[in-house]
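J.: So the sequence shown is numbered by the numbering used here: it starts at 114 and just counts up by one.
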Amino acid sequence: FRLLGGCRTAAYVHYPTISTDMLSALHRTGPAFNNRQFIARSKVLTEGKALYYRLFARLYGWAGAYSQCTMVNSSWTHGHIMQLWDSEPWLVYPPCDVDPLWDIPLQPRQKTILSIAQYRPEKNHALQLHAFAELLQRHPEYRAQGARLVMIGGCRHEDDERRFGELQALAQRLGVAECVSIEKNVPFERKKQLLAEAVAGLHSMSNEHFGIGIVEFMAAGAVPVAHRSGGPLLDIVSPAAVIFEDELVGEDAVGFLAATEAEYAEALHQIF
């Protein structure tokens, strides 16, 4: 628009189309939601994909350089856009409508862990189920005390519906199905009811650009346990407590940051 029409241009970037994390992850990790197994197992295909990413990143940077006013929604996005677009964007956090949550009382709370996320592959719901299963294995008394994990989220299409079913099957295989509720497309009143019951809010997406769901947990009085990366690390859960070699590190924290099943399980134990 700027080149062809001489328009003034502005951009508000939530999630870069490509990031330096995507480039580095190709050689660090195996199969993932955005890296199919047959590519991860082939050095030739991996190098070809890396070349494609680098070329796309250059094109993305060239296009972004024409933005005259660039805004980003988080510190994580800020860092990537600075690198890719070679510009200094404004940091403008996204609006988080938490007004309806202020009237939720802090007490009483149940041993309910709540997860709020669309059933998309990058949300990594499987990590939550594995962490919850490990928590119950380490501390079987919580099962008797009524501990439960409730997942709510939207299903956009057939693939999300399939993942929804796969999560239910995984809960069965892990032996925690009777303690897990997986719900889809719930109305706001149901979501608010669960926020009022939950003692902890669970988030497991790596490199989430911001994390509005985590803000909702905190506004409703649920202690967040979020992935130790992206917006949760840099902007939201601060100061945070972390689990290092099975020891709790961090004082006066507003929540927990974790990355592995064991860290998530220990963080939930600390909350319980």
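We treat Cβ as the ideally placed atom computed from N, Cα and C, and that holds for glycine. These numbers come from a predicted model, not from an experiment.
Indicate whether the contact test is met: 3 or more Cβ pairs, each with one atom in the stretch 180-189 and one in the stretch 346-353, closer than 8 Å.
T.: Touching, yes, given that three or more Cβ pairs across the two stretches are closer than 8 Å.
J.: Do the stretch 303-319 and the stretch 269-279 touch if we need at least three Cβ pairs shorter than 8 Å?
T.: The stretch 303-319, when compared against the stretch 269-279, does not touch it at the 8 Å Cβ threshold.
J.: Starting from residue 314, follow the beta strand (DSSP E) in both directions and report where the run begins and ends.
T.: Per DSSP, residue 314 belongs to the beta strand (DSSP E) from 313-315.
J.: Distance check for residue 334 and residue 251, CA to CA, integer angstroms please.
T.: Near 26 Å, if we compare the C-alpha coordinates of residue 334 and residue 251.
J.: With a CB to CB cut of under 8 Å and the five nearest residues on each side skipped, what residues in its chain are close to residue 123?
T.: Excluding positions up to five away in sequence, the list reads 180, 181, 182, 183, 184.
J.: Leaving out the 5 sequence neighbours to the left and right, which residues in its chain are closer than 8 Å to residue 289 when beta-carbon positions are compared?
T.: Answer for residue 289: 242, 245, 246, 249, 262, listed in chain order.
J.: Excluding the 5 residues preceding and the 5 following residue 314 in the sequence, name in chain order all residues of the same chain whose CB lies nearer than 6 Å to its CB.
T.: 227, 330, 335, 337.
J.: Please return the same chain residues whose Cβ sits closer than 6 Å to the Cβ of residue 169, not counting the five positions on each side in sequence.
T.: Cβ neighbours of residue 169 beyond the five flanking positions: 131.
J.: Does DSSP put residue 318 in a helix, a strand or coil?
T.: Residue state, collapsed to three classes: coil.
J.: Closer than 8 Å by C-beta to residue 224: which residues in its own chain qualify, once you throw out the five before and the five after it? Chain order, please.
T.: Here the set comprises 255, 258, 259, 260, 261, 312, 385.
J.: Is it right to say residue 377 is buried, meaning 16 or more other beta carbons lie within 10 angstroms of its own, or is it exposed?
T.: Buried is the call here.
J.: Give every residue of the same chain whose Cβ lies closer than 8 Å to the Cβ of residue 374, excluding the five residues on either side of it in the sequence, and list them in chain order.
T.: If we look at residue 374 and ignore the five residues flanking it on each side, its Cβ neighbours are 240, 243, 244, 247.
J.: Roughly how many whole angstroms lie between the Cα atoms of residue 210 and residue 296?
T.: When rounded, the distance between both Cα atoms is 22 Å.
J.: Could you round the C-beta distance between residue 367 and residue 352 to whole angstroms and report it? I think they count as a contact, below 8 Å.
T.: The pair is a contact, with the Cβ atoms about 7 Å apart (cut-off 8 Å).
J.: Looking at the unbroken alpha helix (DSSP H) that takes in residue 276, where does it start and where does it end?
T.: Where residue 276 is concerned, the enclosing alpha helix (DSSP H) stretches over 271-286.
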